[in-house]
Amino acid sequence: MTAPEPNPKPADAPATTETPSPNAPAFVDRSAAREIARLTGLLEASEAKNTTLQQRVQDLEGQVDSTKQQEMEQRIAALEAENGTLKGENESLKGEAARSTQLAALAGKVRDPEAALRLLTDDLKDKDGNPDVEKIIGRYAFLAPEGVSTATAPNGGGGLQTSAPTNLDRAVESKDATAINAAFDAELKGAAS
Numbered sequence: 001m002t003a004p005e006p007n008p009k010p011a012d013a014p015a016t017t018e019t020p021s022p023n024a025p026a027f028v029d030r031s032a033a034r035e036i037a038r039l040t041g042l043l044e045a046s047e048a049k050n051t052t053l054q055q056r057v058q059d060l061e062g063q064v065d066s067t068k069q070q071e072m073e074q075r076i077a078a079l080e081a082e083n084g085t086l087k088g089e090n091e092s093l094k095g096e097a098a099r100s101t102q103l104a105a106l107a108g109k110v111r112d113p114e115a116a117l118r119l120l121t122d123d124l125k126d127k128d129g130n131p132d133v134e135k136i137i138g139r140y141a142f143l144a145p146e147g148v149s150t151a152t153a154p155n156g157g158g159g160l161q162t163s164a165p166t167n168l169d170r171a172v173e174s175k176d177a178t179a180i181n182a183a184f185d186a187e188l189k190g191a192a193s
């Protein structure tokens with residue numbers, strides 16, 4: 001046996017090309033690496049700033065939304081208050097209009113339209129809600145216009161009503177108990193003079 005030759009001849013050596021191993025350090029351009037690192041840092045800073053700005057925009061949008069909502073709620077509350085005031089004024093005006101209509105209906109038909117209105121109840125109104133003058137005078141004879149004959153004249157008869165004081169009125173003004181009793185008895189007997 002022969003020992004292999006320590007230096008093989010080039011013709012005998014296999015033809016191989018040198019390929020760098022994957023673990024071998026590759027040639028790196030240091031200026032390009034610095035530029036990449038700088039740009040990567042700028043990109044990361046820009047992304048962080050973008051995230052911060054997006055968060056700030058969301059915060060501001062939330063503040064704007066809550067401010068708008070508060071303004072709208074205040075506006076709604078103001079409009080509701082104004083609506084309530086207007087409803088109250090409207091009801092008041094309707095009441096005044098109804099009162100004026102009723103006063104106009106009573107004017108000239110009763111002695112005191114204001115008193116008639118104060119005494120007016122639902123049973124003294126006609127089916128349309130207007131004052132029924134005949135019912136009012138029937139219940140409150142003192143509201144009948146002067147010179148009108150009613151069944152309930154102050155002296156108890158159906159004669160003319162007058163605004164002149166009666167004997168009983170004069171007796172009460174005198175504050176004399178005997179005169180008051182005599183006038184009252186005379187009124188009861190229908191012999192008032």
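Per UniProt numbering, the sequence shown starts with residue 1, numbered consecutively.
Cβ atoms here follow ideal geometry from the backbone N, Cα and C, with glycine treated the same way.
C-alpha distance - S92 paired with T67, whole-angstrom precision: Each residue's Cα considered, the two are about 37 Å apart.
7 Å Cβ shell around S193 - same chain, five flanking residues per side excluded: At S193 the pLDDT is 46, less than 50, meaning the model places this residue with poor confidence; the figure from the coordinates comes in the next sentence. Closer than 7 Å at Cβ, skipping near neighbours: N167.
Own chain, CB closer than 7 Å to D132, minus 5 neighbours either side, in chain order: For D132, the CB contacts under 7 Å within the same chain, skipping 5 residues up- and downstream, are L124, K125, D126 in chain order.
Minimum C-alpha distance to E146 - residue among D176, L120, G108: It is G108 whose Cα lies nearest to the Cα of E146.
Unbroken alpha helix (DSSP H) run spanning R118, endpoints: Taken as a continuous stretch (DSSP letters only), the alpha helix (DSSP H) holding R118 covers 113–119.
Per DSSP, cross-strand counterpart(s) of P131: Residue pairing for P131: DSSP places it in a beta bridge opposite K125.
Proximal residues to P113 (C-beta, below 6 Å), its chain only, five neighbours per side dropped: Correct list, in chain order: L103, L106, A107.
Enclosing alpha helix (DSSP H) for K94 [first to last residue]: 30–106 is the extent of the alpha helix (DSSP H) around K94.
Spatial distance of D169 from A177 (CA atoms): Spanning the alpha carbons of D169 and A177 requires a straight line of approximately 12 Å.
Cut-off 6 Å between Cβ atoms - residues of its own chain near K135, not counting five sequence neighbours on either side: Excluding residues within five positions, the ones whose Cβ falls inside 6 Å are L124.
Straight-line Cα distance separating Q63 from S46: Linking S46 to Q63 through their CA atoms gives a straight-line distance of about 25 Å.
A78, buried or exposed, once every other Cβ within 10 Å from all chains shown has been counted against 16: Exposed, by the Cβ-count rule.
DSSP state of A191 mapped onto helix, strand, coil: The pLDDT assigned to A191 is 48, lower than 50, so where the model puts this residue is not dependable; a value taken from the coordinates is nonetheless given after this. Secondary structure of A191 (DSSP, three-state): coil.
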